[in-house]
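Residues in the sequence shown are numbered consecutively from 116, following our numbering.
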Amino acid sequence: MTKGYFGPYGGQFVPETLMAPLEELERAYLEAREDPAFREELEGLLKDYAGRPTPLYFASRLTEHWGGAKVYLKREDLLHTGAHKLNNTLGQGLLAKRMGKTRLIAETGAGQ
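What follows is the structure, encoded as structure tokens:
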């Protein structure tokens with residue numbers, strides 16, 4: 116398992132019973148991220164369900180107002196449900212499918 120990023124000590128703090136599943140998950144992720152078919156399927160899901168990629172919009176009036184640099188806005192507001200939750204859910208679901216898992220445990224983001 117990779118070393119953590121917690122100052123000079125590194126590592127992670129999780130119950131010992133979770134180490135084997137976390138190591139399995141890490142191996143599956145590292146393998147999946149190198150697989151063009153996995154990436155292609157994820158991009159398809161993000162396009163069909165999340166509305167990605169979102170467009171860039173040239174903000175002509177802001178560009179004019181600030182003079183100099185051209186200002187573009189990345190239209191994340193056009194996503195159906197907010198950016199990070201759906202992105203994360205689709206990626207985790209696809210990875211779980213690849214791993215042969217039939218159940219997922221996930222946080223809601225707001226503690227529901």
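Think of the CB as a built atom: it goes at the ideal place given N, C-alpha and C, for glycine as much as any other residue.
Note that the structure is predicted; figures quoted are calculated from it, not measured.
With contacts defined as CB atoms closer than 8 angstroms, L219 and G208 qualify as a contacting pair. The stretch 166–173 and the stretch 186–199 touch, with three or more beta-carbon pairs separated by less than 8 angstroms. For secondary structure counted as the alpha helix (DSSP H) over 4 or more consecutive residues, the stretch 128–171 holds these complete runs in sequence order: 134–147 and 151–160. The beta carbons of A143 and L205 sit no closer together than 8 angstroms. G215 and L161 have their alpha carbons spaced roughly 21 angstroms apart. In this chain, the alpha helix (DSSP H) harbouring L177 covers S175 to W181. Contact check for R213 against A135 fails: the beta carbons are separated by 8 angstroms or more.
Nearest to L194 by C-alpha distance, out of T217, F128 and P168, is P168. When secondary structure is reduced to three states using DSSP, L219 falls in the coil class, being assigned neither helix nor strand.
A distance of 8 angstroms or more separates the beta carbons of L140 and V129.
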